[in-house]
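Peer 1: Take a look at the following structure, please.
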Amino acid sequence: MEKLIVGCREIVAACVLVFSALFAACAQAVAVPVVNPGFEAEVHGPNTFTFTAPTGWADYNTAAVAGETVGTLNPATTTYFAPGQWGGSNVAIAYMDAGGTANVEFGIRQTLGAVLAADTIYTLTVGVGNIASGTSDLGGGPIFFDLDGFPGYRVELLAGTTLLAADLNSLVIPEGEFRLSQIVFDSTGVNPLLIGQPLVIGLVNLNVPDPVDPVAHREVDFDDVALDASPAALPAPATLALLIAGLALAGLRSRGARQGDHIS
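With the first letter of the sequence shown counted as 1, position 240 gets the number 620 in this note's numbering; the numbers rise by one all the way through.
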């Protein structure tokens, strides 16, 4: 009997190790490739801009507005953001001149090489920045940009043209700082027609004048885009416990039967 008890303990320990390893492997998220996620492909000096969609990204709804600029900014040496608020050198910008179109959203999107998979949990994270007022030299001398207030943002995950999930301006972001937006989407039970559609990330300036400063320029900045995927269907802890107990019992019976045969 003592040998059976020791054997049972050995089986339980082995089962725990095996299922722990399997559970950890299944639960591990896999990064979904994003082109130019930190907007570093555009190389330019401190306090300078680019004025086209960043590499790997495309304009979104810019044809419906006037006075906009999408591109990148290197905020170093400026008062636009506090030091350490952004990663790398650049951030993406979605800027609207104070005299431009208001209350019509615009921004940038990227269609990924990956497609929507069934039974998968997607987690999208993006740094969203509320740029402060500051001065830039665009070649004609220093220009002060009144950027007080915040026009609102949306971070979105789509399958083709179908919106899967979005963060609609949920963050409260102080002037000159970034905050992390996170979206989690579980594709379990999704419309089967969406499976296999390309995944799309959208970064949007809602372009709404802020009552705090309704005559200010309206800009939202983005940085450090990341998307990962993990299996949605994982064994529940209770299920794992039952599996371990079942295997231990089976092992115990097997050992008992072998010992019985040996005794006889």
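Note that the Cβ used here is the ideal one computed from N, Cα and C, for glycine as well.
Which residue marks the beginning of the beta strand (DSSP E) containing D517, and which one marks its end?
Peer 2: First-last of the beta strand (DSSP E) with D517: G514 to D517.
Peer 1: Give the range of the beta strand (DSSP E) segment to which I473 is assigned.
Peer 2: Run containing I473: V471 to M476, per the beta strand (DSSP E) assignment.
Peer 1: For P611, report the span of its beta strand (DSSP E) as first-last.
Peer 2: Note, P611: beta strand (DSSP E), R598 to P611.
Peer 1: How would you label I523, buried or exposed, when you count the other beta carbons within 10 angstroms and need 16 or more for buried?
Peer 2: By the neighbour-count rule (16 or more Cβ atoms within 10 Å), I523 is not buried but exposed.
Peer 1: Tell me the start and end of each unbroken beta strand (DSSP E) in the segment 519-602 that is at least 3 residues and wholly inside, in chain order.
Peer 2: Segments of the beta strand (DSSP E) lying fully in the segment 519-602: 522-525, 533-539, 542-548, 557-566 and 578-585.
Peer 1: Apart from the five residues just before and just after A613, which ones in its own chain have a Cβ nearer than 8 Å to its Cβ?
Peer 2: Cβ neighbours of A613 beyond the five flanking positions: D499 and T568.
Peer 1: Taking the alpha-carbon positions, what's the N585 to G532 distance?
Peer 2: So the two alpha carbons sit approximately 6 Å from each other.
Peer 1: How would you write the range of the beta strand (DSSP E) that V495 sits in, first residue to last?
Peer 2: That run of the beta strand (DSSP E) goes F486 to V495.
Peer 1: Whose CA, out of P591, P554 and L504, lies closest to the CA of D547?
Peer 2: Measuring from the Cα of D547, the nearest candidate turns out to be L504.
Peer 1: Does the beta carbon of V414 come closer than 8 Å to any beta carbon on chain D?
Peer 2: Of the chains in the structure shown, none is chain D; there is only one protein chain.
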